[in-house]
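Worksheet: the structure to be examined is printed underneath.
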Amino acid sequence: MSRKAVVAIVLMGAFLASCAVITPGQIGVKARFGKLTNKMSSGGLIFYNPFTSSVIRVTTRTVNRELTMNLPSKEGLTVRSEVSILYRVKPTAVRTVIEDVGLNFDQIITAVFRSAASDVCSQYFAKDMHSGERRGIENRINDLMNEYLGPRGFIIEAVLLK
Numbered sequence: 021m022s023r024k025a026v027v028a029i030v031l032m033g034a035f036l037a038s039c040a041v042i043t044p045g046q047i048g049v050k051a052r053f054g055k056l057t058n059k060m061s062s063g064g065l066i067f068y069n070p071f072t073s074s075v076i077r078v079t080t081r082t083v084n085r086e087l088t089m090n091l092p093s094k095e096g097l098t099v100r101s102e103v104s105i106l107y108r109v110k111p112t113a114v115r116t117v118i119e120d121v122g123l124n125f126d127q128i129i130t131a132v133f134r135s136a137a138s139d140v141c142s143q144y145f146a147k148d149m150h151s152g153e154r155r156g157i158e159n160r161i162n163d164l165m166n167e168y169l170g171p172r173g174f175i176i177e178a179v180l181l182k
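Position 21 of the sequence shown, counting from 1, maps to 41 under the numbering used here, and the rest follow consecutively.
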């Protein structure tokens, strides 16, 4: 292999190692020496120094978190329910989410849901969770979750009891 070919391969490798691709539905934020920059990129290539920086990608698409849990009822029974939580990160709040919550925010969403669902469901009879009242229960849980998670950079689109 010639010297020019080796130099070309090394330069190409250095170029590829210094760029990141942000796909649609993601926001990328550069972290330089552990500190986040103010600029957020919503799509395309981001160039950075791989020795001093990294690019953190956060999805802003709707995520479906499915849970199975026992919910308390007003009469003291537990009702086994399958639940879907549809949520997403606000694109303008990605930096705040990374700093305040971190990248493992699925655990926070789950913890807030468990608390809100227990509070709301304990005010209804077990039969209400399987009737026309279910929509009201879902809306009240959704409102409680948005009250807590909205300022932290999340949008709870829907809570679906199955």
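Where a beta carbon is used, it is the ideal one built from N, C-alpha and C, also for glycine. As the structure is a prediction and not an experimental result, all values here were calculated from the model.
Looking at the backbone, the Cα of I118 and that of A131 are separated by about 18 Å. In the three-state scheme derived from DSSP, where H, G and I count as helix and E and B as strand, R160 is classed as helix.
For S93, there is no enclosing beta strand (DSSP E), as DSSP marks it with neither H nor E. Measuring C-alpha to C-alpha distances from I76 to each of A137, A136, I175 and K55 identifies K55 as the nearest.
A straight line joining the alpha-carbon of N69 with that of K59 spans about 15 Å. For S138, the enclosing alpha helix (DSSP H) starts and ends at D126 to C141.
Cβ-Cβ separation between P111 and S61: approximately 11 Å, too far for a contact (criterion under 8 Å).
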